[in-house]
Amino acid sequence: MTTTSLPWHARPKGRAYTCLVLWLAASGAGAAQVVVERPTRIICVVPAVTEMLFAIGAGPQVVGVSSFERFPPEATKLPTVGALLDPDTERILSLRPDLVVVYGSQTDLQSQLARAGIPVFVYSHAGLADVTLTLREIGARVGHSERAGRLAADIERRIAAVRARTAGQSQPRTLIVFGREPLSLRGIYASGGIGFVHDIVAAAGGANVFEDVRRQAVQATTEQILSRRPEVILELRAAALSPEMLKREMDVWRTLSAVPAVKAGRVHIIVDPRTVVPGPRVAEAVELIADILSPGR
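Residues 1 to 297 in my numbering are what the sequence shown lists, from first letter to last.
Next comes the structure, spelled out in structure tokens:
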């Protein structure tokens with residue numbers, strides 16, 4: 001008989017593991033699949049995955065979150081344990097987690113948790129397709145496979161519907177900005193031709209002006225923007241702006257009057273976290289941006 005071996009940190013402990021091995025031996029099956037115990041005390045330092053956990057019904061299992069949580073409201077009431085650059089290991093351990101969701105880049109934190117015998121789910125930020133992939137993986141890991149699968153399928157269906165509606169239409173050349181200095185066109189960070197932000201705009205029917213730059217982020221100058229001649233400018237923000245500040249930030253773009261998007265009044269500052277968080281609301285983000293890119297559709 002062949003059995004599937006689990007890494008040490010994922011194995012059920014003590015008597016539960018012994019019983020599992022005995023059951024496998026008694027089953028007589030040609031191959032067996034080991035099921036990891038469902039965690040009951042999850043800590044998540046990845047806001048996108050926190051949203052996923054609550055969306056698939058695993059919210060009651062979450063006992064700690066990142067200090068940058070904004071959604072859903074229930075998550076903002078939980079204890080915080082730092083974030084990507086400043087995880088508080090002592091605080092994490094004090095909450096006695098049986099699963100911690102971490103970024104792939106948090107190698108030090110992963111090592112510390114491994115030494116403490118705490119299992120981890122490692123998240124790596126990638127493209128749009130990885131949102132539903134992660135949903136299914138985290139659903140399976142925390143015991144909510146069915147609901148996660150239904151949600152992932154619904155997201156894929158809605159995005160496919162947007163692609164179908166925009167197929168064959170002209171794709172406006174789009175500059176996608178996700179960072180710059182306040183009230184200035186300095187320090188502009190735009191989406192390159194790979195990654196989540198690029199993918200949602202492509203799915204919505206836009207053509208990224210920096211599509212040829214195979215990076216997730218481009219530090220763009222005003223000279224580059226002038227030369228790329230975007231027909232639409234989308235500036236994506238997660239944090240709210242007052243009406244006065246929104247107007248002032250819009251006025252900043254008027255200095256580039258030679259850019260087709262500015263000339264045509266097609267500069268949009270979108271203050272909506274759905275457009276920048278690769279979580280379960282991503283289909284809504286694609287639909288929102290599609291409506292902006294093709295307002296007459």
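Just so it is clear, CB atoms sit at the ideal spot from N, CA and C, and this is done for glycine as well.
Remember, it's a predicted structure, so these values are computed and weren't measured experimentally.
Bounding residues of the beta strand (DSSP E) (the contiguous stretch that carries residue i)
i           : result
residue 235 : 232-237
residue 327 : This structure does not reach residue 327, given that the chain is present from 1 up to 297, and the question cannot be answered.
residue 190 : 188-191
residue 241 : First-last for residue 241: undefined, no H or E at that position.
Proximity of residue i and residue j at Cβ, strictly below 9 Å
i           : j           : result
residue 75  : residue 57  : no
residue 231 : residue 173 : yes
residue 80  : residue 65  : yes
residue 187 : residue 215 : no
residue 83  : residue 105 : no
residue 204 : residue 166 : yes
residue 147 : residue 39  : no
residue 97  : residue 42  : yes
residue 178 : residue 277 : no
residue 62  : residue 138 : no
residue 190 : residue 220 : yes
residue 234 : residue 151 : no
residue 69  : residue 279 : no
residue 99  : residue 118 : yes
residue 162 : residue 282 : no
residue 103 : residue 122 : yes
residue 206 : residue 109 : no
residue 196 : residue 125 : yes
residue 143 : residue 194 : no
residue 222 : residue 183 : no
residue 89  : residue 113 : yes
residue 116 : residue 135 : no
residue 250 : residue 267 : yes
Element boundaries [alpha helix (DSSP H), containing residue i]
i           : result
residue 198 : 196-203
residue 93  : 89-94
residue 226 : 222-228
residue 286 : 282-293
residue 256 : Looking at the DSSP string, residue 256 is not in any alpha helix (DSSP H), and its letter there is neither H nor E.
Three-state secondary structure assigned by DSSP to residue i
i           : result
residue 142 : helix
residue 54  : helix
residue 32  : Only weak support is given to the placement of residue 32: the predicted model assigns it a pLDDT of 36, under 50, and the question is left unresolved by the model.
residue 149 : helix
residue 23  : In this prediction, residue 23 has a pLDDT of 33, which is less than 50 and means its spatial position is unreliable; nothing more can be read from the coordinates.
residue 86  : coil
residue 129 : helix
residue 209 : coil
residue 215 : coil
residue 80  : strand
residue 118 : coil
residue 113 : helix
residue 174 : strand
residue 45  : coil
residue 185 : coil
residue 64  : strand
residue 168 : coil
residue 59  : helix
residue 2   : Because residue 2 sits at a pLDDT of 30, beneath the cut-off of 50, its placement in the model cannot be relied upon, and the point is left open.
The stretch 249-260 in contact with the stretch 136-156 per 3-pair CB rule at 8 Å: no
The stretch 227-243 / the stretch 269-285 touching (three or more Cβ pairs under 8 Å): Yes, since at least three Cβ pairs between the stretch 227-243 and the stretch 269-285 fall closer than 8 Å, the two stretches touch.
The stretch 195-203 in contact with the stretch 260-268 per 3-pair CB rule at 8 Å: The stretch 195-203 is not in contact with the stretch 260-268.
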